[in-house]
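If you read the sequence shown in numbering that gives the first Met the number 0, its first letter stands for residue 0, the second for the next number, and so on.
Ideal Cβ positions, reconstructed from N, Cα and C, are used throughout, including at glycine.
Worksheet: the structure to be examined is printed underneath.
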Amino acid sequence: MKQIMVLGSSGMAGHTIYNYLSSLNKYRVFDASRTIINKKTILIDVENQMELSKFITYDLFKRKIDIVINCIGLLVKDCEENPAKASYINSYFPHLLELVTKKSNIKIVHLSTDCVFSGNNGNYFDFENPDAIDFYGKSKALGEINNNKDLTIRMSIIGRELKKNGTGLFEWFMRQTGRVRGYTNAIWSGITTLELAKAIEQIIDSPFNLTGLYQLAPNYSISKFDLLNLINKVWERKDIKIIPDYIKSIDKSLINTYHTKFTYNFPESYEQMLKEYRAYLNE
């Protein structure tokens, strides 16, 4: 039975990945976070060097962890307000994990973002150079690890959050009533956090050891305006009306990495993906 550590288990991606993988009952899944999400959560502040050293020595090596899924990250607003912290969390820390596990059999699966790109062009391939202009995007680009042992998954996600007043698109939208603006020219090729968790399951179980940089995106994209309308439809929010906003123009859509030995099959449409996500949340 593979032993998996989910780092940052209280975040949007982390809690879904932890809960989903745990529910499968085919791995031994541990979680670590600054916030307790269950009675077994390992409390850690990765900026505290003593805590981090203990975590690496005991919780990774002595537990004989096979895979570490790094979901820790500082988001846009926090990056702008505290660039030094962002440089450590988003840029340095993933490479620290890579370094301390380099001579072991521990595999790091690090989560990156479509925000490493500026959004000026769209349909970005994995071989294109990141060109973000904001600190968040730059810090995440610097944090990507690309070697023949570990894996960086570059994608964009939406989903529920554990913290109150979550800042992600989904949580923001679900708090709204009345008229809400949706950008018609903001193009997105992301996935739900459930879809990300399912893809990670397939990566773990695949006989092929996927490493390096992998862009995870469906072969379709959608405007934020249309996405909000779909969420509105699937969650039956009759108290919200989405108004088109034509001002903002940005396209960070990704082209899924082509690989002859690994392919993840997405739902046939965003509507189907969202329906599956709602069903999962209602279980």
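Bridge partners of D133 according to DSSP: none are assigned.
By the criterion of a C-beta distance shorter than 6 Å, N228 is surrounded in its chain by I241, once the five residues flanking it on both sides are discounted. Scanning its chain for C-beta atoms nearer than 6 Å, with the 5 sequence neighbours on each side dropped, one finds around D44 the residues R33, E50, in chain order. Within its own chain, the residues whose Cβ lies closer than 7 Å to the Cβ of G118, once the five positions on either side in sequence are excluded, are I249, D250, K251, listed in chain order. The alpha-carbon separation between C114 and V28 amounts to approximately 29 Å.
If you compare the alpha carbons of S52, I71, N147 with that of N104, the shortest gap goes to N147. Ranked by Cα distance from Y263, the first of Y276, S222, E194, G158 is E194.
Spatial neighbours of L280 in its own chain (CB-CB distance under 7 Å, excluding positions within 5 residues in sequence) are listed in chain order as R159. DSSP places W234 in the coil class of the three-state scheme, outside both helix and strand. At a cut-off of 3 residues, the continuous stretches assigned as beta strand (DSSP E) that sit fully inside the segment 43 to 124 are 66 to 69, 106 to 112. The DSSP-derived three-state label of S248 is strand. With a cutoff of 7 Å on beta-carbon distance, N145 and L209 are scored as not near each other.
When the Cα atoms are used, Y257 and S188 turn out to be separated by approximately 16 Å. Distance from I190 to L215 at the Cβ level is roughly 7 Å; contact confirmed, criterion being Cβ atoms closer than 8 Å. E97 sits buried, since 16 or more C-beta atoms from the chains shown fall within 10 Å of its C-beta.
For I36, no beta strand (DSSP E) segment is defined, and its DSSP state is neither H nor E. Taking all protein chains in view, the Cβ of N120 is surrounded by fewer than 16 other Cβ atoms within 10 Å, so the residue is classified as exposed. Take the alpha-carbon of G167 and the one of N128: they are about 26 Å apart. Take I152, set aside five residues on each side of it, and the residues of its chain with a beta-carbon closer than 6 Å to its own are L110, Y213, L215, in chain order. Counting the other CB atoms within 10 Å of its CB gives L23 a total below 16, which places it among the exposed residues. For the pair D65 and K1, the CB atoms are nearer than the 7 Å cut-off. With fewer than 16 other Cβ atoms from the protein chains shown falling within 10 Å of its own Cβ, Y219 counts as exposed.
Taking a C-beta distance under 7 Å as the contact criterion, F116 and P82 do not qualify as a contact pair. Under a 10 Å Cβ-count criterion, I246 is classified as exposed, with fewer than 16 other Cβ atoms of the shown protein chains found around its own Cβ. Under the DSSP definition of a beta bridge, W171 lacks any partner. When secondary structure is reduced to three states using DSSP, G142 falls in the helix class. For R153, the enclosing beta strand (DSSP E) stretches over residues 150 to 154.
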